[in-house]
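Below is one structure, written out as structure tokens, with a few remarks after it.
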Amino acid sequence: MAKSTYYIPVGPIHPALKEPIRVEAEVEGEKIVKVDVKRGFAHRGIEYMGMKRNAIQTLYLSERICGICSISHPYAFVITAEKALGIEAPPRAQYIRTIIAELERIHSHILWLGVIAHEMGFDTLLFWTWKGREKVLDLLEFITGNRINYSMYMIGGARRDLKEKHIRAIKDAIDYYWKFTEHMKEIFLSDPVYKARTRNVAKVSKDIALKLNLVGPIARAAGIRMDVRQDMPYDAYADIDVRAVVPQDIVGEVYGDAYDVTMVRIYEIEQSLDIIEYCVDNLPEGKILAIPNYVALLAKIRRTKGEAIGAHEAPRGEVIHYLKFDGRDGPSVWKVIAPSYNNINSWGPLLIGAEVADIPIVVAYIDPCMCCNDRVAVVKTKDGNELGYTEIRKKCLEKTEKIRRELK
Amino acid sequence: MPTKVMFLILKQLLEKPFTNPFPVKHAPKNVTELIEKVQKGEVQINPPVPVPEGFRGKLHYDPERCIGCRLCIMVCPADAMEWVPELKKIRHYVSRCMFCALCVDVCPGKKFPGEEKAVKALSMSEEFLLADYDKYSDNLIEEPPEAKEKGI
Ligand code: SF4
Ligand code: SF4
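If you're matching them up, the sequences are chains C and Y in order. Going left to right, the first sequence walks through residues 1 to 408 as the working numbering numbers them. Going left to right, the second sequence walks through residues 409 to 560 as the working numbering numbers them.
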């Protein structure tokens, strides 16, 4: 029999992917008939490193889990740590934290809009959207001191205050982005080429979304009203009535495809602008750190025992952190769950039956972040068995012994 | 059928580039030649976009103000600070630093006679062009001058 299917490997290093992951597709003509997704190429053992450091160091380590949402992980971390340690951040700090997180959502969503345009081969749009993204990055640099990795949060507050000039700059940027999102709606949502390329591509039904545990804009585009800011409000979100942005509220019908995801993301930028406007107008006065002295903070952590789970709605979905403190100045257990982990699950079902040209869109539409989702690496032996703890430990000891012998 | 995007593309064609062409407008054929020309003053370098106030750039260390309390070592997430026991001062490796400014926050600093408030030994400068071939080059290590003289 003649060979009818071909095997296409994409990744771990591939020009269409910005981060390492492997998608193995079997195609019959143009149709994909079998898919396998392999992950775990970017596992760095960050959680283990965090369990060896003190809590302040770990907080800044958590900022390095992800390169784009550099405030989502610290946000989830501080919320969890504050819950576990019984510290409450002053109201002003809570509002400042919310403003930073929403500014980050704006830049992350605009980044995604550029990336999806790029994956479709629409590079003019990519550069145009990223030109618009510069403004929020400059604003973040002005407020926090750096474009990415803002180093703004601290357990029990925020580290930098918002001054009059910062607030002026924020208001300026809000005006700019109201115009920019209007423009983006016209260019993305009413463009026939964009619509033809995304309508009914990467279509997730509500059932599949629930079954695969999808989170964030992907789940909302499938019509599920879920948003951590709405379901478990924290910080300033508790004062603002945040409602999940779902397509049925915007246009009245749900497709759950890449077009709906685009729509949800653009409308979420507007929602963020509303939230920032509210926070800036109602910014409470007062201090910004519950325990301004870091030495005192570490001493308190050493005295306190407790554990907690906390979540933050990152631009890509919910980030969940678990922390346990028992008598050390840092966490004795730290566990991170990132949204891309759930969302990557959707690749398999979505790619089967799709066409080869849709692979980039399906891969990009969830805005995957590999370094976030690689929390575990599974090592296999030659005959396909998973290596357990005892074997790995034995191998470590053998290796140490070998190095020791060589050094002698 | 003309769409909005087509107008956008046409408009973009007429606009000036948004990016700052740093250090020169076009990638040079020969970098060494360019550097020589710049040194001779034949070519002007286009300055980078200015950084805003409060920017977190390369760490500046003033050993005179350091009291050797080691707080910066305690909080540094990247272990970029090293204790120099002979001098009771610290040495800072810029190549390890992740510019979080935690050490600046905790540094108590020292008050010289006649001054009202203590001045921190550590501060964030505006320098950000730190690329180098050697991670231990002089530009990337901040230490007390005695440490280098005595070779500690
Ligand atoms: S800025 Fe941060 S990483 Fe750099 S030396 Fe200071 S504490 Fe360490
Ligand atoms: S640099 Fe500042 S924090 Fe570090 S040891 Fe000296 S005085 Fe203490």
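Beta carbons: idealized from backbone N, C-alpha and C, even for Gly.
Item, Value
"Classification of M1/C by the beta-carbon crowding that lies within 10 angstroms, buried from 16 upward", "Because the pLDDT at M1/C is just 46, under 50, the model does not fix this residue reliably, and the point stays unresolved."
"Contact set for D260/C: own chain, Cβ-Cβ below 6 Å, skip 5 residues either direction", "A221 and P247"
"Any non-hydrogen atom of ligand 2 within 7 Å of C480/Y CB", "yes"
"Whole-angstrom C-beta distance between L510/Y and V483/Y, which should lie under 8 Å", "5 Å"
"Cutoff 6 Å; reference Y234/C; Cβ partners in own chain excluding five residues on either side", "I79"
"Distance between beta carbons of I361/C and A258/C, contact taken as under 8 Å", "6 Å"
"Test item: CB-CB of K412/Y and S272/C under 8 Å", "no"
"Counterpart residues of D36/C in DSSP-defined beta bridges", "E24/C"
"CA nearest to the CA of I288/C, picked from L162/C, S205/C and K34/C", "L162/C"
"Under the three-state DSSP convention, the category M1/C falls into", "Residue confidence for M1/C is low, a pLDDT of 46 falling below 50, so the modelled location carries little weight and cannot support an answer."
"Pair within 8 Å by beta-carbon distance, A314/C and C69/C", "yes"
"Collapsed DSSP secondary structure at D172/C in the structure displayed", "helix"
"Contacts that S4/C makes with chain Y (C-beta to C-beta distance below 8 Å)", "Residues of chain Y passing the Cβ test: none, with the nearest at roughly 39 Å."
"Contacts that V228/C makes with chain Y (C-beta to C-beta distance below 9 Å)", "Under the 9 Å cutoff, chain Y gives no residues; its nearest Cβ is about 26 Å from V228/C."
"Within 8 Å, strictly: CB atoms of F41/C and I21/C", "yes"
"Environment of M414/Y [buried if 16+ CB atoms lie within 10 Å]", "exposed"
"heavy atom of ligand 1 below 7 Å from F507/Y C-beta", "yes"
"Buried versus exposed call for L298/C [16 or more other C-beta atoms within 10 Å across all chains shown]", "buried"
"Own chain residues within Cβ distance below 6 Å of G317/C, not counting five before or after", "V215, G216 and P339"
"Selected residue, minimal CA-CA separation from L140/C, among T400/C, Y95/C and E104/C", "E104/C"
"CB contact check: R39/C to chain Y, cutoff 8 Å", "no"
"Interface flag, Y153/C vs chain Y, CB-CB below 8 Å", "no"
"Own chain residues within Cβ distance below 6 Å of D358/C, not counting five before or after", "V201"
"Beta-carbon gap between V245/C and E268/C smaller than 8 Å", "yes"
"Straight-line gap, V514/Y to I187/C (C-alpha atoms, nearest Å)", "48 Å"
"P552/Y Cβ short of 7 Å to ligand 1 heavy atom set", "no"
"Short Cβ contact (8 Å threshold) for F536/Y with G476/Y", "no"
"Continuous beta strand (DSSP E) stretch holding P9/C: start and end", "Y6 to V10"
"N- and C-terminal bounds of the alpha helix (DSSP H) containing F127/C", "D123 to T144"
"Interface residues of the stretch 479–510 of chain Y facing chain C [CB-CB below 9 Å]", "L479, M482, V483, C484, P485, A486, D487, M506, F507, C508, A509 and L510"
"Which listed residue (D138/C, P331/C and I167/C) has its alpha carbon closest to that of P458/Y", "D138/C"
"Which of helix, strand or coil DSSP assigns to H434/Y", "coil"
"Range covered by the beta strand (DSSP E) that runs through D326/C", "G317 to D326"
"8 Å Cβ cutoff, V527/Y in contact with chain D", "The structure shown contains no chain D; its protein chains are C and Y."
"Same chain only: Cβ atoms within 6 Å of A354/C, ignoring 5 sequence neighbours per side", "I32"
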